[in-house]
Structure formats: structure tokens, C-alpha cells
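S.K.:
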Ligand code: ADP
Ligand code: MG
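Residue numbers (UniProt numbering): 41 to 322.
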């Protein structure tokens with residue numbers, strides 16, 4: 041397809057929702073693959089001790105591999121923990137190892153415990169406006185509002201909240217938005233909820249349509265027009281270590297992630313002027 045416009049500097053998007061199973065990891069992985077497919081350079085940071093994003097992208101993440109744990113707890117430079125994706129040009133991953141499960145506790149006693157990821161990103165030469173910058177950094181968060189997610193919220197300027205289009209979808213969002221307000225007031229005044237994505241959408245049910253209209257009424261333009269359909273191809277892809285875009289390129293799940301990624305790129309960063317078109321797009 042056509043290349044999507046590059047943002048003027050790296051957009052750091054935090055994929056968060058303290059509910060488990062809403063599609064955070066699926067969204068981080070497939071949005072990243074889709075943005076890369078559109079010609080953009082993307083870094084995924086796996087911040088969930090379960091390492092699902094690392095697994096889904098077939099990135100080695102056994103104990104001993106440099107990971108997000110080493111960056112957060114030991115101050116290892118982020119660049120040292122970055123792995124190139126073996127198959128997807130322009131896609132890079134900082135994996136999570138099981139060590140990260142202890143970080144939530146270890147960080148409590150550390151200096152600057154909320155700002156460690158922000159510092160690591162700020163010190164990375166490809167985060168910013170260099171020519172060969174990452175256009176996007178997507179941070180996959182664990183299903184909690186602890187210090188790992190807090191580090192991501194302090195480090196990022198944008199949040200991408202996946203909402204599962206089913207009953208109770210909005211439950212718990214109040215708590216999430218209160219956390220965002222707390223972070224904005226005390227730790228990171230740039231943080232905005234720029235993007236909401238409806239996931240596991242089943243167009244055949246009234247319930248999904250109801251949840252969708254409720255979310256759109258509540259959040260307006262923050263909600264992407266594209267919703268991600270519930271599809272078995274999306275859930276199968278990770279067991280092959282592939283994005284759905286590689287696994288079944290023509291499937292509705294793949295096409296919807298490609299479309300959602302294009303929307304994100306075309307809207308541009310909040311507050312930025314409309315992104316300039318990619319050089320090759322006439
Ligand atoms: P989270 O990271 O929020 O816990 P996941 O991304 O791991 O959520 O998704 C939870 C489960 O739902 C996984 O088994 C995943 O494969 C499945 N899933 C996610 N999105 C879809 C979809 N669009 N269609 C079908 N299954 C999906
Ligand atoms: Mg997850």
C-alpha cells in the first residue's frame with residue numbers, strides 16, 4: 041500500500057488498560073506490524089512480565105536476554121536491549137523476561153522509580169527527530185496500574201486504550217482515567233488519551249453495536265473509526281510467532297489493523313500540525 045506519513049518526531053504510545061484480556065498485546069503487536077508495513081520505523085517495548093508481545097513477535101526472551109527489566113532496574117541503555125525483528129523491516133523489539141515480575145517490587149525502593157523508562161527513552165539516540173528515528177514507540181503494559189504501567193504513562197505522550205466491545209466494557213475505565221489525571225497533575229502533563237480502539241468487535245450482535253455507540257458518545261473523536269473484528273485468525277497468529285498481517289494478510293483482522301494504523305498515522309500526534317505526506321506519495 042501507500043506509505044503513511046511520518047510524524048515529525050517519535051510518537052510514544054502507551055497501550056494500557058488495567059483489565060486483562062481486552063486486546064492490549066494483540067493491538068501493540070499488530071499495530072506495530074501494520075505501521076511497519078506502511079513504511080514506518082517502530083519500536084515495541086514489552087513491559088508485561090508475561091512477555092506475550094515478545095512471544096507473539098518471535099523475539100527471544102529467555103532469562104539472560106537483555107530486556108526491559110535490565111533497562112528499568114539496572115539502568116542498561118535502552119539501545120542495548122533492542123532486537124531487530126527477524127522478518128519485518130523497520131520493526132524493533134525490547135523483550136520482557138520473567139525477571140520483570142520482580143521489578144514491580146524492586147522499583148519501590150529505587151530512586152526516580154516512576155521516571156526510569158522516560159529517562160531511558162530520552163537517552164536513546166533514535167527517540168526524537170533524528171532522520172533514522174523510530175516513528176513510533178508502542179509500549180505494551182501489564183494488566184495492572186502498578187509501577188510498570190506508571191513508568192509507561194510517565195514516559196509517553198499518548199495513550200492507546202483498547203476496549204473490548206462486550207458487556208462491562210466501560211467498567212474499570214473510570215479508575216484508569218483517574219490514574220491518567222493523577223499522572224497528568226503530578227508526573228507528566230503532556231499525557232493525553234489520544235486513541236481508543238474497539239477490539240473483538242462482533243458486528244452481528246446488538247451488544248457490540250451498543251457498546252460501540254456508548255464508547256463513541258463518551259469519547260468522541262478519540263475513538264478510531266476502524267474497529268477490530270473478533271476473528272480466530274487474530275488469535276491464532278501469535279502461536280506461529282507472527283502478526284496477523286504476516287499470518288493471513290487478506291483476513292479482516294489484518295485489514296482492520298492496517299486501516300487502524302493508517303488512521304493513527306494520518307491523524308498525527310495530538311497538537312501537531314497535519315503530518316507532511318511521505319515523499320513518495322504524489
Ligand atoms: P491483553 O493483552 O489485554 O491481556 P490480549 O491481546 O492478550 O489481551 O488478548 C486476549 C485474548 O483475546 C488473546 O487470546 C487474544 O488472542 C484474543 N484476541 C485479541 N483480539 C482478538 C480479536 N480481534 N479476535 C479474536 N481474538 C482476539
Ligand atoms: Mg497482554
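Beta carbons are placed, not taken as given, at the ideal position from N, Cα and C, and that holds for glycine.
1. Where do the ends of the alpha helix (DSSP H) carrying residue 114 lie?
2. Considering only residues of the same chain and omitting the five flanking positions on each side of residue 322, which have a CB-CB separation below 8 Å?
3. To the nearest angstrom, how far is it from the Cα of residue 365 to the Cα of residue 241?
4. Return the CA-CA distance between residue 158 and residue 179, expressed in angstroms with no decimal places.
5. List the endpoints of the continuous alpha helix (DSSP H) containing residue 145.
6. DSSP three-state label for residue 180, please.
7. Hey, how far is the Cα of residue 65 from the Cα of residue 77?
8. For ligand 2, is there any heavy atom lying closer than 7 Å to the beta carbon of residue 189?
9. Return the chain-ordered list of same chain residues with a C-beta closer than 7 Å to the C-beta of residue 251, the five sequence neighbours on each side being excluded.
10. Going by Cα to Cα distance, which pick from 194, 146, 190 is closest to residue 162?
11. Can you give me the start and stop residues for the alpha helix (DSSP H) that residue 236 sits inside?
12. Hey, is residue 64 close to ligand 2, as in C-beta under 7 Å from one of its heavy atoms?
13. So does residue 88 have its beta carbon nearer than 7 Å to some heavy atom of ligand 2?
14. What residue range does the alpha helix (DSSP H) around residue 69 cover?
15. Can we say the stretch 70 to 87 touches the stretch 213 to 220, given the rule of at least three CB pairs closer than 8 Å?
16. To the nearest angstrom, report how far apart residue 81 and residue 131 are at their CA atoms.
17. Among all the DSSP beta bridges, which residues are the ones paired with residue 86?
18. So, at 6 Å on beta carbons, what are the nonlocal neighbours of residue 96 in its own chain, with the 5 sequence-adjacent residues on each side left out?
19. Just to confirm my understanding: we take residue 216, look at its own chain, exclude 5 residues before and 5 after, and list those with CB closer than 8 Å. What are they?
20. Taking residue 176 as the reference, which of 43, 311, 238, 54 has the closest Cα?
21. Just to confirm my understanding: we take residue 119, look at its own chain, exclude 5 residues before and 5 after, and list those with CB closer than 6 Å. What are they?
22. Taking all protein chains shown into account, do 16 or more other C-beta atoms lie within 10 angstroms of the C-beta of residue 148, making it buried, or fewer, making it exposed?
23. Rounded to whole angstroms, how far is the Cβ of residue 150 from the Cβ of residue 301, which I believe are closer than 8 Å?
24. Looking at the strands, I want to know which residues DSSP matches up with residue 263.
25. For residue 305 versus residue 44, is the C-beta spacing smaller than 8 Å?
26. Could you check if residue 172 belongs to the surroundings of ligand 2, using beta carbon to heavy atom distance under 7 Å?
27. Does the beta-carbon of residue 292, which I'm using as the reference point, lie nearer than 7 Å to any heavy atom of ligand 1?
28. Can you tell me which of the three DSSP states residue 272 falls into?
29. Give the DSSP-derived three-state secondary structure of residue 200 in the structure shown.
M.R.: On the basis of the supplied data:
1. Taking the chain shown and counting its residues from 1, one reaches residue 114 at position 74. It spans 108 to 114 - the alpha helix (DSSP H) in which residue 114 sits, taken as one unbroken run.
2. Counted from its first residue, the chain shown places residue 322 at position 282. With a pLDDT of 37 at residue 322, under the threshold of 50, the predicted position of this residue should be treated as unreliable, though the coordinate-derived value follows. Nothing listed; no residue qualifies.
3. Here the chain comprises residues numbered 41 to 322, so residue 365 is not present and cannot be evaluated.
4. In the chain shown, counting from the first residue as 1, residue 158 sits at position 118. In the chain shown, counting from the first residue as 1, residue 179 sits at position 139. Going from the Cα of residue 158 to the Cα of residue 179 covers about 12 Å.
5. To locate residue 145, count along the chain shown from 1; it is residue 105. Unbroken alpha helix (DSSP H) run through residue 145: 140 to 146.
6. On the chain shown, residue 180 is found 140 positions in, with the first residue counted as 1. Note: residue 180 maps to strand in three-state DSSP.
7. On the chain shown, position 25 is the one that residue 65 refers to. On the chain shown, position 37 is the one that residue 77 refers to. When rounded, the distance between both Cα atoms is 18 Å.
8. Against the chain shown, residue 189 aligns to sequence position 149. False, no ligand heavy atom lies under 7 Å from that Cβ.
9. One-based indexing of the chain shown puts residue 251 at position 211. Same-chain partners within the cutoff: 205, 206, 209.
10. The count along the chain shown starts at 1 and reaches residue 162 at position 122. Comparing Cα positions, the closest option is 194.
11. The residue you call residue 236 lines up with position 196 of the chain shown. Here residue 236 belongs to no alpha helix (DSSP H); instead the beta strand (DSSP E) covers 232 to 239.
12. The residue given as residue 64 occupies position 24 in the chain shown. Checking every heavy atom of ligand 2 against the Cβ of residue 64, one is found closer than 7 Å.
13. Indexing the chain shown from 1 puts residue 88 at position 48. Because some heavy atom of ligand 2 lies under 7 Å away, the Cβ of residue 88 counts as near it: yes.
14. Counted from its first residue, the chain shown places residue 69 at position 29. Counting along the chain, the alpha helix (DSSP H) containing residue 69 begins and ends at 64 to 77.
15. no
16. Reading the chain shown from its first residue, position 41 is the one you call residue 81. Reading the chain shown from its first residue, position 91 is the one you call residue 131. Looking at the two C-alpha atoms, the distance is approximately 6 Å.
17. In the chain shown, counting from the first residue as 1, residue 86 sits at position 46. Answer is 180.
18. Taking the first residue of the chain shown as 1, we reach residue 96 at position 56. The answer, listed in chain order, is 69, 278.
19. Looking up residue 216 in the chain shown gives position 176. Hits under 8 Å: 56, 57, 58, 185, 201.
20. Start at 1 with the first residue of the chain shown, and residue 176 comes out as number 136. Residue 176 has its Cα closest to that of 54, out of 43, 311, 238, 54.
21. The residue given as residue 119 occupies position 79 in the chain shown. These residues qualify, in order along the chain: 164.
22. Here residue 148 refers to the residue found at position 108 of the chain shown. Exposed.
23. Stepping through the chain shown from its first residue, residue 150 is reached at position 110. Stepping through the chain shown from its first residue, residue 301 is reached at position 261. So it is not a contact: roughly 35 Å between Cβ atoms.
24. Position 223 of the chain shown, counted from the start, is the residue given in the question as residue 263. Answer by DSSP bridge pairing, in chain order: 236.
25. By one-based count along the chain shown, residue 305 stands at place 265. By one-based count along the chain shown, residue 44 stands at place 4. Yes, the Cβ-Cβ distance between residue 305 and residue 44 is below 8 Å.
26. Working through the chain shown from its first residue, we reach residue 172 at position 132. Checking the Cβ of residue 172 against ligand 2 gives no.
27. In the chain shown, counting from the first residue as 1, residue 292 sits at position 252. Outside the cutoff, so no.
28. By 1-based counting over the chain shown, the position of residue 272 is 232. If DSSP states are grouped into helix, strand and coil, residue 272 belongs with the helices.
29. Your numbering for residue 200 matches position 160 in the chain shown. Residue 200: strand per DSSP, three-state reduction.
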